[in-house]
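All residue numbers for the first sequence refer to my numbering, where the first residue is 7 and numbers rise by one.
Ideal Cβ placement from N, Cα and C applies to all residues, glycine included.
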Amino acid sequence: MAKEATRSRKRSLSPPPASASDERSTRTSSDSTVVLRVKFNEGTKRSSQLTQSGKKPKAKQKKINKKLDAKKPKKPPTAFFFFLEDFRKEFQEQNPDVKSMRDIGKACGEKWKTMTYEEKVQYYDIATEKRAEFDRAMIEYNMKMESGEYEESDEESEFDL
DNA sequence: AGGATGATTGTTGCC
DNA sequence: GGCAACAATCATCCT
C-alpha cells in the first residue's frame, strides 16, 4: 500500500521509467556544484588492462582493494548489492547449508531479474543516495588533496619515525 | 595459515 | 555507444 509514496524522491537511475516524470534538470549549473570529480582508480589501471586485450582479468579486485582502502572513498555498492544484503539474510535462513556468496549471488541475480521495477526502484533509490553521498565524499577528499593533507604520498608522510 | 578467487549486477568513465 | 573494471561478501581453494 502506498509503496510509491514511501519513496517519492526517486532520481531515476537506470531502471525503465514506467511513469517517471521526474525532472532532475532543476539543478543546473546554477547550483555552482563544482565538478571536482576526481578519477582515482576507475580509469587508471584500466589502461593497463586494456592493453591486455586477450586475457580475462576476472581476478584482481581483492588485492587491489587492499591497497585502496587508504582514505579514498571507494565505489558505493549498487542497487543490486543492497538487495544482496537483504536477500542474503533470507537466503541463509532458508538455505543454512549454502553460505557462500557465489551460490547466493546466482540465486539473487536470478530473482533480481524476476523482480519488477517497483520492487527494484527501492534499491535503486538507496543506491542513488549512496552515490550522492559518495560524490560528496569525493569532493571533500579532493578538498583535502588540495589542502595538502594526503598530497600524493601514499606511504607514510614521515620518512623516518 | 593466509592470500586469492569465484559469482551476482550495477555504475561509472574514458575512447 | 560500448566495454572494462571495480563495488561487497564469504566459503572454499590453492600455495
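Taking all protein chains shown into account, decide if D103 is buried (16 or more other Cβ within 10 angstroms of its Cβ) or exposed.
-> Using a 10 angstroms sphere on the CB of D103, the tally of other CB atoms stays under 16, which defines it as exposed.
Measure the alpha-carbon distance for S106 versus K119 and round it to whole angstroms.
-> The straight-line gap from Cα to Cα measures roughly 20 Å.
Can you name, in chain order, every residue of its own chain whose Cβ lies under 6 Å from the Cβ of I132, other than the five neighbours on each side?
-> Within the same chain, Cβ atoms closer than 6 Å to the Cβ of I132 are found at F88, the five residues on either side in sequence being excluded.
Would you kindly work out how many angstroms separate the C-alpha atoms of E96 and K77, rounded to a whole number?
-> Each residue's Cα considered, the two are about 33 Å apart.
So what's K95 in DSSP terms, helix, strand or just coil?
-> Three-state result, K95: helix.
Buried or exposed by the 16-neighbour rule on C-beta atoms within 10 Å, applied to A138 = It counts as exposed.
Cβ neighbours of R94 in the same chain (closer than 8 Å, five flanking residues each side left out) = Within the same chain, R94 has close Cβ partners M107, I110, C114.
Just the C-alpha distance for L42 and A85, rounded to the nearest angstrom, thanks.
-> Unreliable placement is indicated for L42, whose pLDDT of 49 sits below 50; no coordinate value is reported for it.
Grab the span of the alpha helix (DSSP H) containing D109 for me, first residue to last.
-> In the DSSP annotation of this structure, the continuous segment of the alpha helix (DSSP H) that includes D109 starts and ends at 107-120.
Look at P83 and A143 and say whether their C-beta atoms are less than 7 Å apart.
-> Cβ atoms of P83 and A143: not closer than 7 Å.
Going by other Cβ atoms of all chains shown within 10 Å of its Cβ, with 16 needed for buried, is Y129 buried or exposed?
-> Buried: at least 16 other Cβ atoms inside 10 Å.
Close beta carbons around K117, own chain, < 8 Å, minus the five adjacent residues each side | If we look at K117 and ignore the five residues flanking it on each side, its Cβ neighbours are F93.
By Cβ distance, which residues of its chain are closer than 8 Å to Y147, with the 5 residues on each side in sequence left out?
-> V44, K77, K78, P79, listed in sequence order.
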